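Okay, so here's the structure we're looking at.
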């Protein structure tokens, strides 16, 4: 209400009013634009845009990880079935039992020789960094800690590309490996050590489950004798009679996970983490991480405390660096607790993006406001310039040669010039009439004085003086009503007839004009609008057959005089 009342404040100039209305229109358009941007999601907060970007990235990361480990789980089960068939066929051919393999160098060497090529081809085909088969037997149970020793084959790839030359023998018979062109790992050992194998007892316990539900994903651990860390997708090898033969599976090293799951994204320094942990803390050291494809990322370390940041985001605060992102649970095995996935970016990058977005929005709205104000000033000034110039010309005395670029102003000039001409003519006529009446009045005054003198001289001449005085009064009345004789009788009769045609409101307005009230006073009495009064004025003049309010009042005065019986006989006779 304050804004609108300010626009209608009487002291505001036309330029200020036009500027105010245009600025209000510009503000409404800007608000509509802002509402449209909000409606179509083009003006979301930086936190919302960050959430949407990270949420999309989470979908990609979750799909990649679940697909990868689901495939490895299926291949682990497939490998378990294949090793079961392979082992039982070998035992049948050799007519021995599984227990006969213990301390049997020849049989173990033959088994490894027969299966190593299959494992190499499997490693070359699958998306993993290693493949292994561990039999629940040993080549020498008389050595120290033999209860933890298990024979088998463990192949690893050396580097990030699967080729025949990149495969190394991490566990197994070195002679068998060299025979097939596979060189021993620098940390090679003959057999596995179950006390160093993660979750060995848990995997063995799964042998009683249906095969399709018996796979297990180990926690991240350091490969014995190396600095490389990895997780294993493991499945038990179970005979057709339910005998436990051993375990097999695939390795995904931390470096392989980082390379394989590098994310295609435009988010700078994106960090994706797969780990264990709850809603309050994430153990980065126990998980696998990756970043942006073709770029570096900040590897998370230690314990990350999780705190809500609003808009679905969370802060991840570590000892060295802080992140912002979101988490989601994922189940990679029916025998594991759900893992936690986190997709996050450096909090410092997010804060810079928020500040940049704020500055960009501030500059944008400042430019829009400057543009709106400039346009309002320009158009209001150039639109009103010819109008104001025309108004200044109207104030001048001579309007005959005035020309304006605004047609309405030119029409106003013509109207005012005609009004001036009519006013001057009326003024001249009134002046001449006044002079004539004054002259006649002076003459009558002289005659009256002379009659008064003669009255004093002789009573005899009293009758004659009275007669002269009556004649003088008659002449004075005739002169007083001389202006009335100028009124056309037919027009006056039309005027009288038109009064009866006036509506109740029109008659009230007519009476108020006759009483001498102004238009402003009539507006206050009736409570109608100025446009409505003008409409009634037009109808009144039209019905009375007069061209102006002045002529209407002249006819009304004559009508009142007739009604009072105060007009001269000859004047009344002329108007009847």
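Residue numbers (my numbering): 987 to 1562. Using N, Cα and C, we set each Cβ at its ideal position, and we do this for glycine too. On a predicted model such as this, the values are computed, not experimentally measured, just so you know.
| Asked | Found |
| --- | --- |
| Along the chain, where does the alpha helix (DSSP H) containing residue 1050 start, and where does it finish? | 1032–1080 |
| Round the Cβ separation of residue 1328 and residue 1268 to the nearest angstrom and send it over; I've been treating them as touching at under 8 Å. | 6 Å |
| Residue 1251 CB to nearest chain B CB: under 7 Å? | Considering every chain present, this structure includes no chain B. It has just one protein chain. |
| When the Cα atoms are used, what is the spatial distance from residue 1614 to residue 1102? | No answer is possible for residue 1614: it lies beyond the span of the chain, which begins at 987 and ends at 1562. |
| Of all the alpha helix (DSSP H) runs that stay within the bounds of the stretch 1185–1258, which reach a length of 4 or more residues? | 1186–1191, 1240–1246 |
| Give me the DSSP bridge partner(s) of residue 1308. | 1303 |
| Looking at the secondary structure, which residues open and close the alpha helix (DSSP H) in which residue 1500 lies? | 1490–1500 |
| Taking only three categories from DSSP, how would you classify residue 1095? | helix |
| Which class does residue 1135 belong to by DSSP, given the choice of helix, strand or coil? | strand |
| Taking 8 Å as the threshold, find out whether the stretch 1086–1100 comes into contact with the stretch 1162–1181 through three or more Cβ pairs. | yes |
| Rounded to whole angstroms, what is the Cα-Cα separation between residue 1142 and residue 1021? | 59 Å |
| With a 10 Å radius around its C-beta and 16 neighbouring C-beta atoms as the bar for buried, classify residue 1226 as buried or exposed. | exposed |
| Would you tell me roughly how many angstroms separate the C-alpha atoms of residue 1355 and residue 1014, rounded to the nearest one? | 12 Å |
| So, helix, strand or coil for residue 1462, using DSSP? | Reliability of the predicted coordinates at residue 1462 is poor, the pLDDT of 38 falling under 50, and no value is obtained from them. |
| Let me know the secondary structure DSSP gives residue 1142 once reduced to three states. | strand |
| Among 1221, 1193, 1238, which one has its Cα closest to the Cα of residue 1215? | 1238 |
| For residue 1114, which of helix, strand or coil comes out of DSSP? | coil |
| Assuming residue 1184 contacts residue 1205 under a Cβ cut-off of 8 Å, what Cβ separation, rounded to an integer in Å, is found between them? | 6 Å |
| Starting from residue 1269, follow its DSSP beta bridges and name the residues at the other end. | 1289 |
| Please list the terminal residues of the continuous beta strand (DSSP E) segment that includes residue 1328. | 1325–1332 |
| List the endpoints of the continuous alpha helix (DSSP H) containing residue 1541. | 1535–1550 |
| Mind the definition here: the stretch 1286–1303 touches the stretch 1062–1071 only if three or more C-beta pairs lie below 8 Å; say whether that holds. | no |
| Reducing DSSP to helix, strand and coil, say where residue 1343 ends up. | helix |
| Just to confirm before moving on: does the CB-CB distance between residue 1088 and residue 1123 stay below 7 Å? | yes |
| Consult DSSP for residue 1487 and reduce its assignment to one of helix, strand or coil. | coil |
| Taking the beta strand (DSSP E) that residue 1153 belongs to, which residues open and close that run? | 1153–1157 |
| Between residue 1340 and the rest of its own chain, which residues show a CB-CB distance below 8 Å, the 5 nearest in sequence each way excluded? | 1032, 1033 |
| Can you tell me whether residue 1348 is buried or exposed? The criterion is at least 16 other CB atoms within 10 Å of its CB, across all chains shown. | exposed |
| Can you name the start and end residues of the alpha helix (DSSP H) that residue 1503 belongs to? | Looking at the DSSP string, residue 1503 is not in any alpha helix (DSSP H), and its letter there is neither H nor E. |
| Across which residues does DSSP place residue 1084 in a beta bridge pair? | According to DSSP, which records beta bridges pairwise, residue 1084 is partnered with nothing at all. |
| Can you give me the start and stop residues for the alpha helix (DSSP H) that residue 1165 sits inside? | 1160–1165 |
| Could you give the DSSP three-state label for residue 1183: helix, strand or coil? | coil |
| Grouping DSSP H, G and I as helix and E and B as strand, with all else coil, what is residue 1284? | coil |
| With a Cβ-Cβ cutoff of 7 Å, do residue 1272 and residue 1286 count as a contact? | no |
| Opposite residue 1314 in the DSSP bridges: which residues? | 1327 |
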